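Student: Quick one: this structure, given as structure tokens, is what I'll be asking you about.
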Amino acid sequence: MLGVSKDELNAFFVGPHHSLREVMKKIDHHGHGVAVVVDSTQQFLGLVTDGDIRRAIIKGFGLSTSIDAIMNTSAVSLQEGFTQQEVMKLLHDKDINHLPIVNQGGKITNIVLRSRIEASKQSLLSPSFFSSHPKGGRKILVVGGAGYIGSVLVGKLLARGYKVVVLDLLLFGREAIEPHLQNENFTLIQGDIGNINNIITATKDVDAVVQLGEIVGDPACAVDSQKTQQVNFLSTQMVAQVCKYFQINRFIYTSSCSVYGESINDQLLDEESNLNPVSLYARMKIQAEQAILSMDDGFFSPTIFRLSTVFGVSPRMRFDLVINLLTAKALKEKKITVFGGDQWRPFVHVEDVAQAIVLALESPLEKVRGQIFNVGTEKNNLTIFHVAEAISQKVHDAMVSVDDQDVDKRNYRVSFSKIKDELGFVAKWSVPEGIAEIMDSLEKGRYDDYTHAKYSNYKTYLDKMGE
């Protein structure tokens, strides 16, 4: 079957007097990027895509404008009685992603989705016939896409057939995304999210936004508190506001489990637990969460991911994260110093974070709208001393020492039941597996000097401020 089911077809129908906002909500609900405009007898009047609506907003049309003002009345359609070969040839020749099927009287009877055919591998032509329009041509903006998490996410999205736009200041260079620069589905925009013109340019024609672009980590945020507030709260809020205005309603913001801060007992904390931040970084995360969630109006549909402490190898490597750093110290210096050690912390591999984001992007919007999810796995709830022990079991000649001075106050064990139960997310990487991966990369000489500023957010921000 090339078309959709009868129940699915009804979800595509809108009337000519529905507003832009109402139609966008309908499109977001089924997730196929198009609405079919029909009259009361289901006579086919035209097509409208989410891109058409966003371009209309840019031109000055209000959200209350009737859809018949912008619909495509000359959209290609096909009469019943077609062959599968004819459908695919028409999709290819006309370079279209949606093909309405009508009867002799002009009433809509079905719609063929190019993405559905590609997914079901029904093509009678070559396997790559639809490769130029994977995922129906859906485009994702990754703000901070050249960073530690972003560079892994970008690779996954491109591999899954998405078009990807990256907006990044390139503070750490472009090496992490260099392999994608010649990919026709990849676009790099170098720019600051504090500049609204950069945001508007980057969001043009995109279907979803992942906001990763911030000053990351407690030490880096402490370098310049005013700049941290500007970037991590005000600029992040502005990105979300632009998305809401242009009806880019699928929006993912990566927060942090550090918002739980100092826990007084060892109970598992879930998304409803009290927040007790102990750093500027965590406080800005909370403020950004609250500001973004307050924009949820039934149309704009933000999702908040509270990430565990991330570890693992990335194209933009970091050695200022606890597991990555301690593994490098053990291997290179044969010594690990643990400050305190009794503090609990959840950990998650960077690959698992990227996979969780993909999962949220592909989940029905009603499942993720206005939701907060902790991202990680209970098996990776460990004390810092447990981490040191796990490393010493792999680097046998490394000495572990404990320093009770300058102990990090963050202490929290986290529940990840919600993301597992509601989205089906299961983290694949254990901490020992991540340690082994980092060791392998170090032993192969992949990193010239793990103490170099380019592997540290804190050192890089200090250097940039001194310029």
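The sequence shown lines up with residues 1 to 467 when you count with the numbering used here.
Beta carbons: idealized from backbone N, C-alpha and C, even for Gly.
Computed from a prediction, not measured in an experiment: that's the story for all the values here.
#1: Comparing C-alpha positions only, which one of Val152, Lys227 and Gly15 sits nearest to Leu462?
#2: Would you mind giving the Cβ-Cβ distance between Leu20 and Ile53, rounded to the nearest angstrom? I have them listed as a contact below 8 Å.
#3: Under the three-state reduction of DSSP, which class applies to Met238: helix, strand or coil?
#4: Put Gln371 into one of helix, strand or coil per three-state DSSP.
#5: Candidates Pro100, Phe13 and Ala159: which alpha carbon is nearest Asn185's?
#6: Leaving out five residues before and five after Gln287 in sequence, what residues of the same chain have Cβ atoms less than 7 Å from its Cβ?
#7: Keeping to the same chain, check which residues put their C-beta closer than 8 Å to that of Gln405; ignore five residues upstream and five downstream.
#8: Closer than 6 Å by C-beta to Leu268: which residues in its own chain qualify, once you throw out the five before and the five after it? Chain order, please.
#9: On a Cα-Cα basis, can you pick out the residue from Gly312, Val223 and Val431 that is closest to Ile149?
#10: Between Arg283, Ala282 and Val259, which has its C-alpha nearest Tyr273's C-alpha?
#11: Any contact of the region 298-309 with the region 330-350, i.e. 3+ C-beta pairs under 8 Å?
#12: List the residues that DSSP assigns as beta-bridge partners of Tyr253.
#13: Compare the Cα-Cα distances from Leu188 to each of Gly3, Leu141 and Leu99 and report the closest residue.
#14: Which residues does DSSP list as the beta-bridge partners of Ile117?
#15: Going by C-alpha to C-alpha distance, which of Gly370, Met88, Asp218 and Ser363 sits closest to Thr303?
#16: Give me the residue from Phe373, Ala398 and Ala436 with the minimum Cα distance to Asp421.
#17: Short of 8 Å in beta carbon distance, which residues of its chain neighbour Asp50, apart from the five on each side in sequence? Order them along the chain.
#18: Taking the alpha-carbon positions, what's the Glu178 to Asn110 distance?
#19: Could you please give me the residues that DSSP links to Gln79 through a beta bridge?
#20: Determine the direct distance from the alpha carbon of His30 to that of Phe12, and round the result to whole angstroms.
#21: Entirely within the region 372-400 and at least 4 residues each: give me those alpha helix (DSSP H) ranges in chain order.
#22: Going by alpha carbons, who is nearest to Glu214 out of Lys244, Leu167, Asp95 and Leu181?
#23: Please classify His452: does DSSP put it in a helix, a strand, or coil?
#24: In the DSSP output, which residue or residues are listed as bridge partners for Phe13?
#25: Could you say which of Leu170, Tyr450 and Gly191 lies nearest to Glu333 if we only look at CA atoms?
#26: Among Phe61, Pro16 and Gly60, whose alpha-carbon lies nearest the alpha-carbon of Asp39?
#27: From which residue to which residue does the alpha helix (DSSP H) around Gln84 run?
#28: Since Thr187 is in the alpha helix (DSSP H), which residue starts that stretch and which ends it?
#29: If you follow the beta strand (DSSP E) that Arg345 is in, where does it begin and where does it stop?
#30: Can you give the Cα-Cα distance for Val76 and Leu113, rounded to whole angstroms?
#31: Return helix, strand or coil for Val426, following the three-state DSSP convention.
#32: Out of curiosity, what's the CA-to-CA distance linking Lys394 and Ile384?
#33: Between Asp352 and Ala427, how many whole angstroms is the CB-CB distance? I'm expecting something under 8 Å.
#34: Leaving out the 5 sequence neighbours to the left and right, which residues in its chain are closer than 8 Å to Asn457 when beta-carbon positions are compared?
#35: Rounding to the nearest angstrom, what Cα-Cα distance links Ile391 and Ile252 in this structure?
#36: Mind checking which residues open and close the beta strand (DSSP E) that includes Glu168?
Tutor: Looking at the atomic coordinates:
#1: When only C-alpha atoms are compared, the closest one is Lys227.
#2: Contact holds; Cβ gap of about 5 Å.
#3: The three-state reading of DSSP puts Met238 in helix, counting H, G and I together.
#4: Per DSSP, reduced to three states, the secondary structure at Gln371 is strand.
#5: Ala159
#6: Phe233
#7: Phe339
#8: Arg413 and Ser415
#9: Gly312
#10: First, the amino acid is wrong: residue 273 is Ser here, not Tyr. The option with the nearest alpha carbon to Ser273 is Val259.
#11: Result yes; three or more Cβ-Cβ pairs closer than 8 Å.
#12: Gln211 and Ile304
#13: Of the listed residues, the one whose Cα sits closest to Leu188 is Leu141.
#14: None, per the DSSP bridge assignment.
#15: Closest option to Thr303, Cα to Cα, is Gly370.
#16: Phe373
#17: Met24, Ile27, Asp28, Gly33, Val34, Asp207 and Gln247
#18: 43 Å
#19: Val102
#20: 8 Å
#21: 384-392
#22: Selected option, being the one with the closest Cα: Leu167.
#23: coil
#24: Val36
#25: Out of Leu170, Tyr450 and Gly191, Tyr450 has the C-alpha closest to the C-alpha of Glu333.
#26: Pro16
#27: Gln84 to Lys94
#28: Thr187 -> not in any alpha helix (DSSP H); beta strand (DSSP E) instead, spanning Phe186 to Gln190.
#29: Trp344 to His349
#30: Each residue's CA atom was taken as its position, placing Val76 and Leu113 some 13 Å apart.
#31: The answer is coil: DSSP assigns Val426 none of H, G, I, E or B.
#32: 16 Å
#33: About 4 Å separates the two Cβ atoms, so the contact holds.
#34: Taken in chain order, the residues that qualify are Ile215, Val216, Gly217, Pro219, Ala220, Arg318 and Asp320.
#35: 33 Å
#36: A small fix is needed here, since residue 168 is Asp in this sequence, not Glu. Note, Asp168: beta strand (DSSP E), Lys163 to Asp168.
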